[in-house]
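This report concerns only the one structure given below.
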Amino acid sequence: MIQVESLTKRYNGKTAVDSISFQANEQEILVLLGTSGCGKTTTLKMINRLIEPDSGTILIDGKSIREQQAEQLRMGIGFVMQHSGLFPHYTIRQNIAVVPKLLKWSPKQTEQRTQELLEKLHLSEDVLNRYPQELSGGQQQRVGIARALIANTPVLLMDEPFGALDTITKADIHAEFKSLQELKNKTVVLVTHDVQEAFELGHRIALMDNGKIIQIGTREEIIYRPKNSFVSEFFAENRLLLEYKLTSISALMPYLHESGNFLNQSNLSESDSTWHALQKLSTDKTHALDYERLSQAFGEYRKSQIR
Amino acid sequence: MKQQSLWEFVVEQHEKLFSQILEHLGLTFLSLFLAILVGVPLGILIARNRKLANPVLGIAGILQTVPSIALLGFMIPAFGIGATPAIVALLIYALLPIIRNTYTGITGVNPLLIESATALGMNKRQLLFNIQLPLAMPVIMAGIRTAAVINVGVATLASFVAAGGLGEFIFGGISLNNTNMILAGAIPAALLAILLDQCIALLQKSGYASLRYLKLGIPILLAIVAVIYVWPSASKSDLKFGFTPEFMGRQDGDLGLRSVYGIQIKPKVVSDAIMYKAASEGELDVISGYSTDGRIQVFDLLVLEDDKNIFPPYYAAPIIKTKTLAKFPGLKDALDLLAGKISDSLMRDLNYKTDFQNLTPEKVAKDFLTENGLLKEKRNGNAGTIRIGSKIFGEQYILVAIYKMLIEGNTDYQVETKTGLGGTKICFDALANDAIDLYPEYTGTGLLVLLNPSQETIRKVSQHPDKTYDYVNAAFKKQYGIEWLQPIGFNNAYALMMRQKQAASLGIRSISDLKDYLDKAN
Ligand SMILES: Nc1ncnc2c1ncn2[C@@H]1O[C@H](COP(=O)(O)OP(=O)(O)OP(=O)(O)O)[C@@H](O)[C@H]1O
Ligand SMILES: [Mg+2]
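Given below as structure tokens:
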């Protein structure tokens with residue numbers, strides 16, 4: 001668990017991070033979302049002391065991060081850079097093994113863990129002997145993530161880890177990432193400026209602007225109960241899409257009067273999003289009626305959410 | 001006499017050549033190694049503490065602009081003569097490229113990678129060795145490569161301070177008008193530079209892994225260096241000899257000492273510029289020199305009597321092509337104004353004024369002409385330009401300045417001077433190829449270096465100064481169309497000299513005394 005208390009950072013008199021406070025819990029992904037230059041990276045880097053704050057405190061599991069040596073602290077925190085940050089003179093194998101080497105793991109243990117991560121991140125074994133520049137952007141990002149995961153640290157900080165990817169690859173990696181068992185008991189703080197990514201991956205979202213957190217909450221809270229006009233305007237463009245995506249079919253069940261027997265027919269499950277279900281149903285003419293019913297149910301559900 | 005081919009020279013001198021190459025390599029490697037030892041940490045330091053970067057790079061830059069010979073000269077008071085001052089001087093030259101490239105290499109590493117490594121938990125030391133140095137290695141290697149090539153070149157000058165190396169052949173050859181000798185030194189030096197450059201380029205390609213080879217190479221290198229510098233120091237006599245490269249190769253020099261006096265010694269080869277000082281400071285005991293040198297009186301040296309007459313007379317006179325004299329009427333009369341005007345002691349005095357009172361040759365020349373009533377107002381005529389050359393030592397500069405004033409005061413010609421031409425060969429070639437019109441030469445040099453007749457002739461004509469003069473004048477006219485004008489008066493012959501005090505305490509007055517002393521000592 002990370003607790004951030006009135007954290008402030010100024011650059012040459014200009015405030016980059018302005019007295020922000022938030023908490024990131026265990027077993028959750030907290031997303032820091034905001035436009036370019038709003039202070040996301042600065043905030044994230046203060047957590048592992050790449051940047052020292054001007055004032056404020058940060059506690060990890062109740063302990064101030066200033067209590068231990070910076071190097072010790074960092075070895076206990078996985079960090080994924082905004083750009084992959086792989087070392088060009090190291091092979092992928094060596095890149096992944098940087099932290100184990102610092103921790104003086106045995107070669108056997110390192111190798112075992114590397115293999116494990118390769119599998120989980122869908123990387124083929126032959127990349128190990130290649131150099132970073134011989135990998136595609138997506139592969140590099142995965143290696144960057146593997147490097148951050150290898151020591152199985154309880155805290156993981158990620159700065160736009162999928163920033164350099166095209167939308168299709170991004171969607172694939174998002175799916176893989178979400179299903180990573182590795183993340184389930186970590187505290188993850190993920191920085192992005194991509195609204196869809198924030199909603200795709202985040203359990204909770206902190207929306208930042210100009211060095212301040214404007215609103216922090218679950219995805220539903222952010223979308224359905226925006227704190228002010230800035231928040232609602234921020235999502236205005238993606239609003240409908242996000243809502244469809246956010247709403248699982250199970251949430252619509254009370255509004256589906258003729259109960260959803262289409263689920264089994266079309267290979268959908270209750271945990272799928274409305275967006276996903278509608279997409280699927282819209283491709284098949286025989287489900288035209290189901291499509292209509294689902295849309296209607298969503299409309300009623302939505303009315304109940306917006307008060 | 002049949003000309004010796006380069007190959008014959010190399011075969012004949014292969015032992016010397018081999019040891020010179022070894023010395024050259026030793027100097028280059030040892031200084032390079034030390035420069036890496038000093039330069040890389042300094043580069044790292046200033047990369048970490050950028051405030052220091054400008055002063056450190058500035059100082060290294062200034063040191064590098066000091067002319068090599070001057071730098072070698074500065075080293076002598078601190079380190080004496082021999083390998084040490086040469087290595088220190090070479091080290092200083094090699095520093096700048098190594099420091100600068102280490103600095104730019106390290107500061108040029110992508111800051112994102114530094115941050116990435118820091119984020120993974122590396123401390124400063126791990127960051128340096130795992131990330132910064134490996135990524136900067138190609139740039140650092142390029143610096144070392146530059147330094148190595150510079151050092152092979154500058155190491156040729158090490159012979160000036162008796163550190164040996166291929167410079168012995170190169171500068172000996174220039175002084176002795178021996179092309180084979182020059183080439184035997186210059187070609188291996190060039191090859192060494194290319195070889196070293198390519199070897200380091202190979203290391204550079206193999207990247208960071210090459211550091212491991214370097215670790216292997218260092219003990220080998222140190223072993224070579226140790227062999228080179230410890231081996232020859234097992235000399236018997238306690239007198240230290242230092243001769244110029246020119247003296248080493250001449251019939252009237254070291255060769256004469258061996259064959260006529262039977263003095264068998266292993267002298268250090270050292271430049272004229274520093275020899276006297278080294279002798280006065282006790283770094284050397286017996287040196288070769290010139291009898292009109294102003295430094296003899298300054299450093300309180302004794303000229304040993306040449307009781308077996310191996311040093312032929314060295315009367316100075318301007319030499320000039322006959323056709324040039326015809327082209328510039330009146331020139332000969334102006335030049336002859338100086339004939340017989342300067343005695344040995346007067347020349348020594350004039351030399352003393354430039355070398356030790358730091359008067360300019362022009363000032364000394366003007367004062368001399370004024371005192372002798374020879375100075376005339378400059379005519380500023382434009383009937384043509386006479387180009388006068390000089391070798392690279394004080395006496396010649398003074399003579400050239402005097403001639404310039406005489407010509408400009410007594411004729412309508414203008415004078416252009418080309419002073420500081422490296423040695424006999426360079427001056428003479430310049431004259432023969434009409435790059436200059438005249439320069440002051442010495443009869444002994446003309447005889448032994450330029451004409452190089454049989455032993456028999458040499459013995460015959462060097463008995464008397466006039467005979468020598470007549471012989472060279474006739475031979476030059478015949479062979480080159482060059483005339484010797486009337487001698488200036490003084491005889492700047494070769495001489496052996498020692499410190500007055502030491503000579504007195506050992507009871508040495510002549511070269512034969514020296515020989516006796518050496519025989520007893522062994
Ligand atoms: N080293 C620095 N010196 C001066 N100003 C800085 C420095 N680093 C960041 N800033 C400023 O601080 C503010 C916040 O920067 P930060 O990098 O945290 O933004 P960000 O939210 O991560 O943006 P992006 O999405 O573009 O990465 C910006 O206005 C930036 O210009
Ligand atoms: Mg950022």
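Protein chains in written order, with the UniProt record's numbering: chain A, 1 to 307; chain B, 1 to 522. All C-beta atoms in this analysis are idealised placements derived from N, C-alpha and C, irrespective of residue type, glycine included.
If you reduce the DSSP assignment to three classes, tell me which class threonine 146 of chain B lands in. helix
Original post:
Distance, Cα to Cα, aspartate 254 of chain B vs glutamate 15 of chain B?
Top reply: 18 Å
Looking at ligand 1, does it come within less than 7 Å of cysteine 38 of chain A, judged from the CB to the closest heavy atom?
yes
- Query: Are any of the Cβ atoms in chain A nearer than 8 Å to that of proline 97 of chain B?
  - Reply: no
Check: What did DSSP end up calling phenylalanine 171 of chain B once you bin it into helix, strand or coil?
Finding: helix
From this set, A/Ile168, A/Gly202, A/Gln196, which residue's C-alpha is nearest serine 179 of chain A's C-alpha?
-> A/Gly202
### Message
Strictly below 7 Å CB to CB, what residues from chain A border isoleucine 131 of chain B?
### Response
Phe87
query: Is the region 72-84 of chain B close to the region 127-136 of chain B, with three or more CB pairs under 8 Å?
result: no
Discussion item. Could you tell me the alpha carbon to alpha carbon distance between isoleucine 200 of chain B and serine 343 of chain B, rounded to whole angstroms?
Written reply: 57 Å
Nearest to leucine 448 of chain B (by Cα), restricted to the options B/Leu438, B/Arg459, B/Tyr439, B/Pro440 | B/Arg459
If I measure Cβ to Cβ from serine 269 of chain A and keep anything under 8 Å in the same chain, skipping five residues before and after, which residues do I get? Ile249, Leu263
Check: How big is the Cα-Cα spacing for serine 19 of chain A and isoleucine 2 of chain A?
Finding: 16 Å
Length-filtered (3 minimum) beta strand (DSSP E) runs lying within the region 4-62 of chain A: 14-24, 28-34, 55-60
Discussion item. Nearer than 7 Å: is that true of the beta carbon of histidine 193 of chain A relative to any heavy atom of ligand 3?
Written reply: In terms of ligand content, the structure shown lacks ligand 3 and carries ligand 1 and ligand 2 instead.
Going by DSSP in three states, proline 440 of chain B sits in which element: helix, strand or coil? strand
Note to self: Counting only Cβ-Cβ distances shorter than 7 Å, please list the residues of the region 45-79 of chain A near chain B, keeping chain order.
What the structure shows: Asn48, Leu50, Glu71, Arg74, Met75, Phe79
Exercise for the section: Confirm the yes/no value for this check: CB of aspartate 159 of chain A, any heavy atom of ligand 2, distance under 7 Å. Expected result: yes
| Does the beta carbon of valine 99 of chain A come closer than 8 Å to any beta carbon on chain B? | yes
With 8 Å as the threshold, decide whether the Cβ of methionine 141 of chain B is near any Cβ in chain A. no
ask   = Residues in the region 262-282 of chain B with C-beta within 9 Å of chain A's C-beta atoms, listed in sequence order?
value = none
With distance defined between alpha-carbon atoms, name the residue in B/Gly121, B/Ile388, B/Tyr413 nearest to glutamate 441 of chain B. Closest by alpha carbon: B/Ile388.
Review point. Taking the alpha-carbon positions, what's the threonine 360 of chain B to threonine 419 of chain B distance?
Key: 13 Å
Practice task
Rounded to whole angstroms, what's the CA-CA distance from threonine 445 of chain B to glycine 43 of chain B? Just pull it up for me.
Solution key: 50 Å
_Quick check on the burial criterion: 16 or more other C-beta atoms within 10 angstroms. Buried or exposed for lysine 306 of chain A?_
Before going further, note that residue 306 of chain A is isoleucine rather than lysine in the sequence given. Exposed is the call here.
For isoleucine 398 of chain B and asparagine 492 of chain B, I'd like the C-alpha separation in whole angstroms. 14 Å
Are the beta-carbon atoms of alanine 16 of chain A and glycine 163 of chain A separated by less than 8 Å? no
- Task: Find the nearest neighbour of serine 496 of chain B within the set B/Gly256, B/Ile220, B/Leu63, judged by alpha-carbon distance.
- Result: Checking the sequence shown, residue 496 of chain B turns out to be leucine, not serine. It is B/Gly256 whose Cα lies nearest to the Cα of leucine 496 of chain B.
- Query: Got a sec? Which residues, its chain only, sit under 6 Å from glutamate 408 of chain B by beta carbon, not counting five neighbours each side?
  - Reply: Its chain contains Lys378, Val415 as the residues whose beta carbon lies nearer than 6 Å to that of glutamate 408 of chain B, once the 5 sequence neighbours on both sides are disregarded; these appear in chain order.
### Query
Using a Cβ cut-off of 8 Å, which residues of the region 114-127 of chain B contact any Cβ in chain A, in chain order?
Glu115, Ser116, Ala117, Thr118, Ala119, Leu120, Gly121, Met122, Asn123, Gln126
- Length-filtered (4 minimum) alpha helix (DSSP H) runs lying within the region 197-282 of chain A: 219-224, 229-235, 239-246, 249-252, 262-265, 274-282
Neighbourhood of leucine 52 of chain B by C-beta, 6 Å cutoff - its chain only, sequence neighbours within 5 removed: Residues of the same chain with a CB within less than 6 Å of the CB of leucine 52 of chain B, apart from the 5 flanking positions on each side, are Ile46 in chain order.
Establish whether the CB of proline 85 of chain B and some CB of chain A are separated by less than 8 Å. no
For alanine 474 of chain B, count neighbouring Cβ atoms within 10 angstroms of its own Cβ and tell me buried if that reaches 16, exposed if not. For alanine 474 of chain B, the number of other beta carbons within 10 angstroms of its own is below 16, and it is reported as exposed.
| Cβ-heavy atom distance, threonine 41 of chain A to ligand 2, below 7 Å | yes
Could you compute how far the alpha carbon of isoleucine 222 of chain A sits from the alpha carbon of isoleucine 216 of chain A?
In this structure, the alpha-carbon of isoleucine 222 of chain A lies about 7 Å from that of isoleucine 216 of chain A.
Roughly how many whole angstroms lie between the Cα atoms of cysteine 38 of chain A and alanine 236 of chain A?
19 Å
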